[in-house]
Amino acid sequence: MPPTKLLIHRIPTLPNVVPKAARLIRYTLEEEKWQLENLPKMEAAGVITRCISPWSAKTKWVPKPGPPPIRLRMVHQYIPLNSVTVKMNYHMKRIEPILNMVGQTKWKVFFKADAANGYCPGIMPRPCSIDDANILISLRESEASTNKQNTPDSEELDRRMKWKYVLCRRRSAR
Numbered sequence: 749m750p751p752t753k754l755l756i757h758r759i760p761t762l763p764n765v766v767p768k769a770a771r772l773i774r775y776t777l778e779e780e781k782w783q784l785e786n787l788p789k790m791e792a793a794g795v796i797t798r799c800i801s802p803w804s805a806k807t808k809w810v811p812k813p814g815p816p817p818i819r820l821r822m823v824h825q826y827i828p829l830n831s832v833t834v835k836m837n838y839h840m841k842r843i844e845p846i847l848n849m850v851g852q853t854k855w856k857v858f859f860k861a862d863a864a865n866g867y868c869p870g871i872m873p874r875p876c877s878i879d880d881a882n883i884l885i886s887l888r889e890s891e892a893s894t895n896k897q898n899t900p901d902s903e904e905l906d907r908r909m910k911w912k913y914v915l916c917r918r919r920s921a922r
């Protein structure tokens, strides 16, 4: 599949900057031999391409550790180019306020099982008294008269939710 020219890569540089071209450096005989052997293969595979640009960077060949057939790693020195590029300014959130917020004791997580048992934070559970039972019965009767248009599933859900709310509210008032 041939490459497309839909996207042109451009690195923003500071205004009025003259392109920097690196001096050619001398390579050892081993490095030159490795380049003549491997760079055409890499170009044919599409890993690298030939380029004519006023910008250039020094290329070093660092030997990879291993057995005697020499293997080299291509390393480019982009320090001169990086010194004239426009630095991207992405604001990062500070993590300290987030950690403080998460670590505060006022944030608590309760499971559905806790709410079903009438558990309220900071209050010891106790058996229902007659007053609590009367309130629950009156709520159930008033709800049955007002929500007749609902389906049985939603009525059951609403009744359970009000039951839990009343239990928590009555216990926290004491």
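Quick note: the sequence shown uses our numbering, first residue 749, plus one each step. Here a beta-carbon is modelled for each residue, glycine too, at the ideal position from N, C-alpha and C.
By DSSP, does residue i sit in helix, in strand, or in coil?
i: proline 811; result: strand
i: lysine 806; result: strand
For residue i, report the span of its alpha helix (DSSP H) as first-last.
i: methionine 790; result: 777-793
Starting from residue i, trace the beta strand (DSSP E) in both directions and tell me its first and last residue.
i: leucine 820; result: 820-825
Are residue i and residue j closer than 8 Å when you measure CB to CB?
i: tryptophan 809; j: methionine 822; result: yes
i: tryptophan 782; j: isoleucine 759; result: no
i: valine 834; j: leucine 777; result: no
i: leucine 820; j: glutamate 780; result: no
i: leucine 847; j: lysine 768; result: no
i: alanine 770; j: serine 801; result: no
To the nearest whole angstrom, what separates the beta carbons of residue i and residue j, a pair I think is in contact under 8 Å?
i: lysine 806; j: glutamine 825; result: 4 Å
i: valine 832; j: valine 765; result: 5 Å
Under a Cβ-count criterion, where at least 16 other Cβ atoms within 10 Å of its own Cβ denotes burial, should residue i be classed as buried or exposed?
i: arginine 888; result: Annotation note: pLDDT 47 at arginine 888 (below 50); position unreliable, no value reported.
i: asparagine 882; result: At asparagine 882 the pLDDT is 46, less than 50, meaning the model places this residue with poor confidence; the figure from the coordinates comes in the next sentence. Flag for asparagine 882 reads exposed.
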